[in-house]
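Numbering (our numbering), first residue to last: -19 to 140. The structure appears right after this line, and notes come after that.
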C-alpha cells in the first residue's frame, strides 16, 4: 500500500526549514503533498497563488512531492487525497504543545489518520515564516532563511 503524507501549512513564505522537512519526508513516504491552507483567519503577505508558485518552484526537483491548496478541514482534504499521515514540523518545545493539541483534535475527528512530527535540522530551528516576513519588511538579508526565488518575490512585492 502506498503511503501518502500531507504537510499542511500556510507557507507564507516557504523557508529552508520547510524545505528540509519536505526533503526528509520525500525519502520516507511514497508521496508527499505540501498542502497550502487558504486560512481565512490569517492575512498572508503572499497571495495563495504566489505561495503555491513559490512552493512548487522550490520543490520541483522532488519527483514524489506535489503542491496543492485546500480550504476547509484538513481531515476532509486528507480523505479526499486518500492520505493517512499528517506531517508536522516541530522546531522547539513550545511548538510541541500546540501540535500535540492539534494532533489530538485531528485524532478525534479522524481516528484513521495519524500525525507524525519531524524536527528540522538544527540550523533551521530558529527560522519561522513570521520572522522571515518581519526581516523582509525591515529590509534585512533573507538569504540565510529562504531560497533566492522567495527573496526576489519579497523584493518585488515590497517595491509596489
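Glycine included, C-beta positions come from ideal geometry on N, C-alpha and C. Fair warning: this is a prediction, and the values are worked out from it, not measured in the lab.
Give the list of continuous alpha helix (DSSP H) stretches no shorter than 4 residues that lie fully inside the stretch 43 to 71.
Runs of the alpha helix (DSSP H) inside the stretch 43 to 71: 54 to 61.
By DSSP, does residue 95 sit in helix, in strand, or in coil?
Correct three-state label for residue 95: strand.
Taking the continuous alpha helix (DSSP H) assigned at residue 38, which residues delimit it?
That run of the alpha helix (DSSP H) goes 28 to 39.
Residue 15 by DSSP, collapsed to three states: which one?
strand
According to DSSP, simplified to helix, strand and coil, what is residue -15?
strand
Quick check on residue 107: does DSSP put it in helix, strand or coil?
coil
Residue 0 - DSSP class collapsed to helix/strand/coil
Residue 0: helix per DSSP, three-state reduction.
What distance in whole Å lies between the Cβ atoms of residue 31 and residue -7, which are believed to be in contact at a cut-off of 8 Å?
7 Å
Residue 83 beta carbon near the ligand MG (any heavy atom closer than 8 Å):
No copy of the ligand MG occurs in the structure displayed, which carries no ligand at all.
Compute the distance between the beta-carbons of residue 15 and residue 44, then report whether it is under 9 Å.
no
When the Cα of residue -17 is compared with those of 67, 53, 72, 33, which residue comes out closest?
67
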